[in-house]
Amino acid sequence: MSQYLPDLETIAREAGSLLMHYFGRVTIEYKGEVDLVTEADRASERLIVERLRARWPEHGIVAEEGTRRETEAEYRWYVDPLDGTTNFAHGYPVFCVSIALARRDGQLEAGVLYDPTRDEMFAAERGQDATLNGRAIHVSKTSHLVESILGTGFPSHKRHKNPNIFFYHHITLRSHGVRRAGSAALDLANVACGRYDGFWEFNLNPWDTAAGVLLVQEAGGVVTRFDGSPFRLDSREVLASNGIIHQELITQFADIFAGRDLEELPSIPEYVKTRD
Ligand code: IPD
Ligand code: CA
Ligand code: CA
Numbered sequence: 382m383s384q385y386l387p388d389l390e391t392i393a394r395e396a397g398s399l400l401m402h403y404f405g406r407v408t409i410e411y412k413g414e415v416d417l418v419t420e421a422d423r424a425s426e427r428l429i430v431e432r433l434r435a436r437w438p439e440h441g442i443v444a445e446e447g448t449r450r451e452t453e454a455e456y457r458w459y460v461d462p463l464d465g466t467t468n469f470a471h472g473y474p475v476f477c478v479s480i481a482l483a484r485r486d487g488q489l490e491a492g493v494l495y496d497p498t499r500d501e502m503f504a505a506e507r508g509q510d511a512t513l514n515g516r517a518i519h520v521s522k523t524s525h526l527v528e529s530i531l532g533t534g535f536p537s538h539k540r541h542k543n544p545n546i547f548f549y550h551h552i553t554l555r556s557h558g559v560r561r562a563g564s565a566a567l568d569l570a571n572v573a574c575g576r577y578d579g580f581w582e583f584n585l586n587p588w589d590t591a592a593g594v595l596l597v598q599e600a601g602g603v604v605t606r607f608d609g610s611p612f613r614l615d616s617r618e619v620l621a622s623n624g625i626i627h628q629e630l631i632t633q634f635a636d637i638f639a640g641r642d643l644e645e646l647p648s649i650p651e652y653v654k655t656r657d
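Residues 382 to 657 (this note's numbering) make up the sequence shown, in order.
Here it is, written out as structure tokens:
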């Protein structure tokens with residue numbers, strides 16, 4: 382019997398219900414130019430932090446909306462009380478709660494990710510099956526990039542400096558398509574259960590990735606940095622896949638960074654001249 386998951390699932394479900402209570406009736410506030418936050422983010426964080434502290438008082442906590450609890454303990458929780466805030470704030474039902482436990486050395490121990498709109502509970506503990514609503518999940522068996530579907534995301538912070546549009550264009554032209562759904566945590570869960578064959582993003586934080594990365598790993602997938610080097614919680618860039626297409630993705634990413642075989646983005650004046 383898992384020592385963490387039953388209680389963690391209860392906490393994530395409770396936070397998910399709280400989010401649904403707020404869904405459709407929140408006021409948008411701004412943390413940055415387009416970096417949104419709502420009362421629901423804060424209320425969910427308060428609830429999760431309170432429950433984690435009561436259940437595991439010795440553990441540290443790092444949560445997106447500001448909670449920093451440093452302890453002597455070997456273990457620390459990473460909490461995203463609402464991943465997909467922009468979706469949530471606009472009434473687009475793609476968001477989740479993400480909670481994960483890691484050791485000081487970054488080793489991920491357990492994680493849950495709950496999507497209250499679909500009542501989907503993803504859970505993983507190191508060395509055990511990853512599950513979705515209690516059933517074991519596995520990454521896809523897609524063997525070539527050209528037959529794959531992937532996800533990515535675009536940051537709201539420093540968005541003018543982000544080069545992901547080139548990666549999006551390049552990979553879109555070499556796959557069945559790239560989705561941009563707006564919740565990095567759910568994107569990783571979708572790789573874990575085989576709905577996506579791969580996912581990448583620049584500039585993520587440990588609370589976005591911790592639970593999802595463990596899910597992908599325990600579901601048989603691979604997570605690295607863009608160059609194939611090991612992923613760490615502070616890596617920020619994340620490349621996750623079913624493992625089979627991983628090398629192909631690394632090769633494509635190396636090509637894009639080196640400017641090799643880049644398809645030019647279509648020229649608007651040319652398009653305007655020739656469209657019928
Ligand atoms: C964001 C989402 C989004 C990703 C952003 C994240 P938040 O998290 O995961 O998909 O593209 O980089 O910051 O702000 O909704 O918790
Ligand atoms: Ca997030
Ligand atoms: Ca968040």
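In this text, a Cβ means the ideal position worked out from N, Cα and C, and glycines have one as well.
Taking a contact to mean a Cβ-Cβ separation below 9 Å, would you say Asp496 touches Gly534 in this structure?
Taking the first residue of the sequence shown as position 1, residue 496 is located at position 115. Taking the first residue of the sequence shown as position 1, residue 534 is located at position 153. No. Outside cutoff.
Between the CA atoms of Gly508 and Pro536 - distance to the nearest angstrom
The sequence position of residue 536 within the sequence shown is 155, counting from 1. The sequence position of residue 508 within the sequence shown is 127, counting from 1. Their Cα atoms are separated by approximately 32 Å.
Mind checking Arg415: buried by the 16 CB within 10 Å criterion, or exposed?
Sequence index remark: in the sequence shown, residue 415 carries index 34 (1-based). Note that residue 415 corresponds to Val in the displayed sequence, not to Arg. Under this definition Val415 is an exposed residue.
Taking Leu585 and Arg560 to be in contact with their CB atoms under 8 Å, please state how far apart those CB atoms are, rounded to whole angstroms.
For the purposes of this step, residue 585 is identified with residue 204 of the sequence shown, where counting begins at 1. For the purposes of this step, residue 560 is identified with residue 179 of the sequence shown, where counting begins at 1. In fact, because the Cβ distance is near 16 Å, the residues do not count as touching under 8 Å.
Quick one: residues with CB closer than 5 Å to any heavy atom of ligand 2, in chain order, please.
Asp461, Asp464, Asp589
Length of the line joining the Cα atoms of Val527 and Arg555:
Counted from its first residue, the sequence shown places residue 527 at position 146. Counted from its first residue, the sequence shown places residue 555 at position 174. If you take the alpha carbons of Val527 and Arg555, they lie about 5 Å apart.
According to DSSP, what are the bridge partners of Pro611?
Walking along the sequence shown from the start, residue 611 turns up at place 230. Answer is Thr605, bridged to Pro611.
Is His445 near ligand 3, in the sense that its beta carbon is under 8 Å from a heavy atom of that ligand?
Taking the sequence shown and counting its residues from 1, one reaches residue 445 at position 64. Before going on, a small fix: residue 445 reads as Glu here, not His. Yes, since a heavy atom of ligand 3 falls inside the 8 Å radius drawn around the Cβ of Glu445.
Assuming Val572 contacts Ala504 under a Cβ cut-off of 8 Å, what Cβ separation, rounded to an integer in Å, is found between them?
The residue given as residue 572 occupies position 191 in the sequence shown. The residue given as residue 504 occupies position 123 in the sequence shown. Not quite, the Cβ-Cβ distance comes to about 15 Å (not below 8 Å), so this is no contact.
Just to check, is the beta-carbon of Thr655 closer than 8 Å to a non-hydrogen atom of ligand 3?
Along the sequence shown, one-based indexing puts residue 655 at 274. The answer is no for Thr655.
So Val430 and Glu420 are in contact, right, with Cβ under 8 Å, and what is the actual spacing, rounded?
Start at 1 with the first residue of the sequence shown, and residue 430 comes out as number 49. Start at 1 with the first residue of the sequence shown, and residue 420 comes out as number 39. Their Cβ separation, rounded to whole angstroms, is 16 Å, which puts Val430 and Glu420 out of contact at 8 Å.
Which residue or residues does DSSP assign as beta-bridge partners of Val527?
To locate residue 527, count along the sequence shown from 1; it is residue 146. Bridge partners of Val527: none, in fact.
Report buried or exposed for Asn514, applying the criterion of at least 16 other Cβ atoms within 10 angstroms of its Cβ.
To locate residue 514, count along the sequence shown from 1; it is residue 133. Asn514 should be labelled exposed.
For Gln598, which option in Asp608, Ser648, Gln488, Thr452 has the closest C-alpha, if you only look at C-alpha atoms?
For the purposes of this step, residue 598 is taken as residue 217 along the sequence shown, with counting starting at 1. For Gln598, the nearest C-alpha among the options comes from Gln488.
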